[in-house]
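All letters in the sequence shown, in the order written, are residues 12 to 333 by the numbering used here.
Virtual Cβ for every residue (Gly too), placed ideally from N, Cα, C.
Scroll down for the structure; my scribbles are underneath it.
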Amino acid sequence: MASGSSCRAWHCLLALFLLSSSAYGQLSPSFYAKTCPTLELIVRSTVTKAVLVERRMGASLLRLHFHDCFVQGCDGSILLDDKGSFVGEKSALPNVNSVRGFEVIDEIKKNVELVCPGVVSCADIIALAARDGVVLLGGPSWPVPLGQRDSTTASLNAANSDIPTPDYNLEQLISAFNKHQLSPRDMTALSGAHTIGYSQCLNFRDHIYNGTNIDPAFAALRKRTCPAQAPNGDTNLAPLDVQTTLVFDIAYYRNLVTKRGLLNSDQELFNGGSQDALVSQYATNPALFPSDFVTAIIKMSKLSPPPGTPTQIRRNCRVVNS
12 MASGSSCRAW HCLLALFLLS SSAYGQLSPS FYAKTCPTLE LIVRSTVTKA
62 VLVERRMGAS LLRLHFHDCF VQGCDGSILL DDKGSFVGEK SALPNVNSVR
112 GFEVIDEIKK NVELVCPGVV SCADIIALAA RDGVVLLGGP SWPVPLGQRD
162 STTASLNAAN SDIPTPDYNL EQLISAFNKH QLSPRDMTAL SGAHTIGYSQ
212 CLNFRDHIYN GTNIDPAFAA LRKRTCPAQA PNGDTNLAPL DVQTTLVFDI
262 AYYRNLVTKR GLLNSDQELF NGGSQDALVS QYATNPALFP SDFVTAIIKM
312 SKLSPPPGTP TQIRRNCRVV NS
């Protein structure tokens, strides 16, 4: 009789587990509350150290999160190194010699594994690092949806096709974000990530030399360090927001209103189109942009790999578990 009771109790526990959010892959900011309660403290301290060494790293970690989620969902696939016959996403045109912060993610993962081995995904570490990087540069905080798992695959083709490029027009931008269930408003808010960080000359050369919707004085300023003839100066950097380059604020939108967007894809948000009114609101209302940004990035952070995709918790973020 006793064994029958314990058996029934075991079945009850199993049923409770299957009904839990983690069993069904539902995301929650408290996903690791019991399995790795010090996770957020570890991530925050490691990111803080990295940003103190190089303030730009806060912007780089945010960009890493975008480029991960826009390919197969937020699955850590961008972290996988090319190895043997395996080709990852690091050599895709939007990423090669451009996406940064891999060593910071490695450091966080190492520190997390010491405390909670085999528990926390690399995808979740990227998402938390992006949030903390924004906060350290004066931006808003948000509850990160956790519980994503790491893909065992990557897609060079999807990285080349799904990540918006600097030459996109407004229609292409709206379409690219819509593919990931992100609205035009989400797109315009997420583009505000360009209030921090830098871009390479090769990304904005055509805009400053051939663009028609650009302030001539601003174009002249950028031409000083971005020669007209490629590949001269291709990797020379310029701030995406010329005023407060590493402060998360609304200056990016104010720049757009005065035709001082660095990338063509930036200035397309304010070019006589559907997003002009929203850009004007962001440029004059310091509370609206951070609020919309948080709403949009939480939506983006919930993008997951297609159902049935093989996933795991990688021990080393750069390689699939052997």
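Cα-Cα separation, residue i to residue j
{"i": "residue 110", "j": "residue 46", "result": "31 Å"}
{"i": "residue 44", "j": "residue 157", "result": "10 Å"}
{"i": "residue 132", "j": "residue 161", "result": "6 Å"}
{"i": "residue 3", "j": "residue 313", "result": "Since the first and last residues shown for the chain are 12 and 333, residue 3 lies out of range."}
{"i": "residue 288", "j": "residue 199", "result": "11 Å"}
{"i": "residue 275", "j": "residue 243", "result": "20 Å"}
{"i": "residue 305", "j": "residue 152", "result": "8 Å"}
{"i": "residue 2", "j": "residue 53", "result": "Only positions 12 to 333 of the chain appear in this structure, which leaves residue 2 out of reach."}
{"i": "residue 259", "j": "residue 145", "result": "7 Å"}
{"i": "residue 83", "j": "residue 164", "result": "9 Å"}
{"i": "residue 249", "j": "residue 183", "result": "24 Å"}
{"i": "residue 205", "j": "residue 270", "result": "15 Å"}
{"i": "residue 100", "j": "residue 234", "result": "31 Å"}
{"i": "residue 292", "j": "residue 283", "result": "15 Å"}
{"i": "residue 280", "j": "residue 318", "result": "34 Å"}
{"i": "residue 127", "j": "residue 117", "result": "15 Å"}
{"i": "residue 107", "j": "residue 92", "result": "12 Å"}
{"i": "residue 155", "j": "residue 136", "result": "10 Å"}
{"i": "residue 267", "j": "residue 277", "result": "7 Å"}
{"i": "residue 255", "j": "residue 209", "result": "11 Å"}
{"i": "residue 301", "j": "residue 197", "result": "12 Å"}
{"i": "residue 231", "j": "residue 169", "result": "35 Å"}
{"i": "residue 226", "j": "residue 219", "result": "9 Å"}
{"i": "residue 48", "j": "residue 193", "result": "31 Å"}
{"i": "residue 73", "j": "residue 263", "result": "16 Å"}
{"i": "residue 181", "j": "residue 190", "result": "14 Å"}
{"i": "residue 229", "j": "residue 290", "result": "19 Å"}
{"i": "residue 285", "j": "residue 178", "result": "18 Å"}
Outcome for residue i when other beta-carbon atoms lying within 10 angstroms are tallied against a minimum of 16
{"i": "residue 321", "result": "exposed"}
{"i": "residue 325", "result": "buried"}
{"i": "residue 37", "result": "exposed"}
{"i": "residue 246", "result": "exposed"}
{"i": "residue 272", "result": "buried"}
{"i": "residue 1", "result": "As shown, the chain starts at 12 and ends at 333. That puts residue 1 outside it, with no answer to give."}
{"i": "residue 332", "result": "exposed"}
{"i": "residue 297", "result": "exposed"}
{"i": "residue 129", "result": "exposed"}
{"i": "residue 26", "result": "Only weak support exists for where residue 26 lies, its pLDDT of 40 falling under 50; the value from the coordinates is given anyway. Result: exposed."}
{"i": "residue 57", "result": "buried"}
{"i": "residue 125", "result": "exposed"}
{"i": "residue 188", "result": "buried"}
{"i": "residue 241", "result": "exposed"}
{"i": "residue 95", "result": "exposed"}
{"i": "residue 120", "result": "buried"}
Residue i (DSSP reduced to helix, strand or coil)
{"i": "residue 257", "result": "strand"}
{"i": "residue 106", "result": "coil"}
{"i": "residue 355", "result": "With the chain represented from 12 up to 333, any question about residue 355 goes unanswered, as that position is not in the structure."}
{"i": "residue 83", "result": "coil"}
{"i": "residue 161", "result": "strand"}
{"i": "residue 322", "result": "strand"}
{"i": "residue 122", "result": "helix"}
{"i": "residue 327", "result": "strand"}
{"i": "residue 188", "result": "helix"}
{"i": "residue 234", "result": "helix"}
{"i": "residue 270", "result": "coil"}
{"i": "residue 94", "result": "strand"}
{"i": "residue 71", "result": "helix"}
{"i": "residue 9", "result": "Residue numbering for the chain in the displayed model covers 12 to 333; residue 9 lies beyond these limits and cannot be assessed."}
{"i": "residue 317", "result": "coil"}
{"i": "residue 46", "result": "coil"}
{"i": "residue 240", "result": "coil"}
{"i": "residue 206", "result": "helix"}
{"i": "residue 130", "result": "coil"}
{"i": "residue 100", "result": "coil"}
{"i": "residue 227", "result": "helix"}
Residue i: first and last residue of the uninterrupted alpha helix (DSSP H) it sits in
{"i": "residue 209", "result": "No alpha helix (DSSP H) contains residue 209, which is instead part of the beta strand (DSSP E) from 209-211."}
{"i": "residue 335", "result": "Shown here, the chain extends from 12 to 333; a query on residue 335 therefore has no answer."}
{"i": "residue 60", "result": "50-64"}
{"i": "residue 196", "result": "195-201"}
{"i": "residue 155", "result": "Residue 155 -> no alpha helix (DSSP H), and no H or E assigned at all."}
{"i": "residue 303", "result": "299-312"}
{"i": "residue 294", "result": "287-295"}
{"i": "residue 275", "result": "275-278"}
Host beta strand (DSSP E) of residue i (start-end)
{"i": "residue 249", "result": "248-250"}
CB contact below 7 Å: residue i versus chain D
{"i": "residue 317", "result": "Among the protein chains of the structure shown there is no chain D, as only one such chain exists."}
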